[in-house]
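Here the sequence shown stands for residues 1 to 145, where the numbers follow UniProt numbering.
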Amino acid sequence: MGGKLRQARLGAAEALSSPGHHARHARPAGPLKERLSPDEFIAIHASPKVIGDPRVKTQHLVGVSRWSGVEADGSVRGSHQLRVAHQRYADEGLKEVVNKGHGYGVVHQSYAKVEGEWKITGNAPTVDWSEYDLFGTMNPDAKKD
Numbered sequence: 001m002g003g004k005l006r007q008a009r010l011g012a013a014e015a016l017s018s019p020g021h022h023a024r025h026a027r028p029a030g031p032l033k034e035r036l037s038p039d040e041f042i043a044i045h046a047s048p049k050v051i052g053d054p055r056v057k058t059q060h061l062v063g064v065s066r067w068s069g070v071e072a073d074g075s076v077r078g079s080h081q082l083r084v085a086h087q088r089y090a091d092e093g094l095k096e097v098v099n100k101g102h103g104y105g106v107v108h109q110s111y112a113k114v115e116g117e118w119k120i121t122g123n124a125p126t127v128d129w130s131e132y133d134l135f136g137t138m139n140p141d142a143k144k145d
């Protein structure tokens with residue numbers, strides 16, 4: 001069930017992403033990426049080093065959102081307060097938590113109509129502060145700064 005649910009969520013993310021998606025992800029997902037296709041965006045996040053590992057469980061809670069008006073190019077921008085929780089388990093039995101990390105911040109997103117449907121065209125999260133080992137949870141093999 002976990003794998004099917006994970007695939008459904010990734011499929012939904014792909015359906016919402018525009019072909020010229022701009023994603024800005026520093027750690028844990030890596031350096032700034034420009035002009036990602038939906039497939040590239042999903043591949044980054046589906047990686048075992050991010051949320052593609054079945055031993056990693058996440059929850060993203062959206063708080064306050066603030067929206068801009070329609071821009072000259074027809075796009076809309078939104079800023080969304082987030083609280084994200086991540087846990088990595090020792091194995092797929094999900095009994096022993098070996099690492100956890102929580103982040104608090106804002107994700108700035110832009111949206112535009114693509115072939116009559118609203119799509120995410122840009123994604124730039126910021127982490128204002130974190131608890132525990134947020135970045136180690138997502139990439140346990142990475143060298144710590």
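By construction, the Cβ of each residue, glycine as well, lies at the ideal position given by its N, Cα and C atoms.
Just so we're clear, the structure is a prediction, and the values are computed from it rather than from any experiment.
Selection from the options that minimises the alpha carbon distance to residue i
i    : options          : result
D128 : T137, V107, G122 : V107
M138 : A46, F41, G63    : A46
G52  : L61, H60, I42    : I42
G78  : S68, K95, P48    : S68
G116 : G122, G74, P48   : G74
Cα-Cα separation between residue i and residue j, rounded to whole angstroms
i    : j    : result
R66  : V76  : 11 Å
R88  : Q109 : 27 Å
A124 : H60  : 15 Å
A112 : V70  : 9 Å
Y104 : K119 : 25 Å
G122 : V114 : 13 Å
K95  : A72  : 52 Å
P48  : E40  : 15 Å
Chain-order list of residues whose beta-carbon lies under 6 Å from that of residue i (same chain, five-residue window excluded)
i   : result
G63 : Q81
A26 : Reliability of the predicted coordinates at A26 is poor, the pLDDT of 49 falling under 50, and no value is obtained from them.
Proximity of residue i and residue j at Cβ, strictly below 8 Å
i   : j    : result
H86 : T126 : no
Nonlocal neighbours in the same chain, by C-beta distance under 7 Å from residue i, ignoring five residues either side
i   : result
R55 : R88, Y89, D91, E92
* To do: Mind the definition here: the segment 88-102 touches the segment 117-133 only if three or more C-beta pairs lie below 8 Å; say whether that holds.
  => yes
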